[in-house]
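Novice:
Chains as they are written, first to last, in the numbering used here: chain E, 1049 to 1162; chain F, 27 to 138.
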């Protein structure tokens, strides 16, 4: 069965550079979440989309933005990268409104800022 | 943590023993979900329990929910070495908008 696809799997960027992370949800899933997970930390909610509209925002820095496109894939854009942005970034998708049903996670993008 | 705490933070048991993990949360919820994460990998959904349910089973997993105490427990029976992972609870958050909010997690180590 198709799963959530994230790309790239690994990304190394320098400080002040820009990064774009992509997420392809499971077909027919209409909710996408983005999470940031630092080493030994729990996943921190960044932002969610439902039916291609932003549903909720969490602790997402102003330097980050995200959108969901007409084909339901989503992109997380990160600018002016800082060392502290180094983390695993997960995308998840679910069927129905956010928080209502089980979420399926991608394998994550490991971002290293040097 | 954005939502609450898990107890214990780390648990080490022998294969065949039962493992119990607890989760507390702060807000009103529609549902509570448990996820498992192997080191550096994506989270895998284990079980979802709705706010109007008190107990749910799935294979070797048993989840309870006490909305009056804002707490849940996950019991893994007859544990196996392959159960070694981090376990997180997450709540379908009604009070603060439409999102899935994770607790701090329990690191489970099952020794063979």
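All residues carry an ideal CB built from backbone N, CA and C; glycine is no exception. Note that the coordinates shown come from a computational prediction; the quantities given were computed from them, not determined experimentally.
(1) Counting only beta-carbon atoms, is residue 155/F nearer than 9 angstroms to chain E?
(2) I'd like the span of the beta strand (DSSP E) that includes residue 118/F, first residue to last.
(3) Whole angstroms is fine: what's the gap from residue 102/F's alpha carbon to residue 110/F's?
(4) Of the choices 36/F, 41/F, 51/F, whose alpha-carbon is the least far from that of residue 107/F?
(5) Grouping DSSP H, G and I as helix and E and B as strand, with all else coil, what is residue 1119/E?
(6) Using a Cβ distance threshold of 8 angstroms, determine whether the region 1060–1072 of chain E contacts the region 1087–1104 of chain E, with at least three qualifying pairs required.
(7) Drop a sphere of 10 angstroms on the beta-carbon of residue 1126/E, count the other beta-carbons inside from all chains shown, and report buried for 16 or more, exposed for fewer.
(8) Thinking C-beta only, is residue 1104/E closer than 9 angstroms to residue 124/F?
(9) Please list, in chain order, the residues of the region 125–136 of chain F that have any C-beta partner in chain E closer than 8 angstroms.
(10) Residues of chain F with a CB under 9 angstroms from the CB of residue 1177/E: which are they?
(11) Since residue 76/F is in the beta strand (DSSP E), which residue starts that stretch and which ends it?
Specialist: By the coordinates alone:
(1) One cannot answer for residue 155/F here, as it falls past the ends of chain F, which runs 27 to 138.
(2) As a position in the second chain, residue 118/F is number 92, starting the count at 1. For residue 118/F, the uninterrupted beta strand (DSSP E) segment begins and ends at 111–119.
(3) For the purposes of this step, residue 102/F is taken as residue 76 along the second chain, with counting starting at 1. For the purposes of this step, residue 110/F is taken as residue 84 along the second chain, with counting starting at 1. Taking the straight line joining both Cα atoms gives about 11 angstroms.
(4) Counting from 1 along the second chain, the entry for residue 107/F is found at position 81. That would be 41/F, whose Cα lies nearest to the Cα of residue 107/F.
(5) Walking along the first chain from the start, residue 1119/E turns up at place 71. DSSP places residue 1119/E outside both helix and strand once states are collapsed to three, so it counts as coil.
(6) Touching, no, given that fewer than three Cβ pairs across the two stretches are closer than 8 angstroms.
(7) For the purposes of this step, residue 1126/E is taken as the residue at position 78 of the first chain. Buried, since its Cβ has 16 or more Cβ neighbours within 10 Å.
(8) Stepping through the second chain from its first residue, residue 124/F is reached at position 98. Stepping through the first chain from its first residue, residue 1104/E is reached at position 56. The beta carbons of residue 124/F and residue 1104/E sit closer together than 9 angstroms.
(9) Near chain E, meaning a CB-to-CB distance below 8 angstroms, the residues of the region 125–136 of chain F are 125, 126, 127, 128, 129, 130, 131.
(10) With chain E represented from 1049 up to 1162, any question about residue 1177/E goes unanswered, as that position is not in the structure.
(11) The residue labelled residue 76/F in the question sits at position 50 within the second chain. First-last of the beta strand (DSSP E) with residue 76/F: 69–76.
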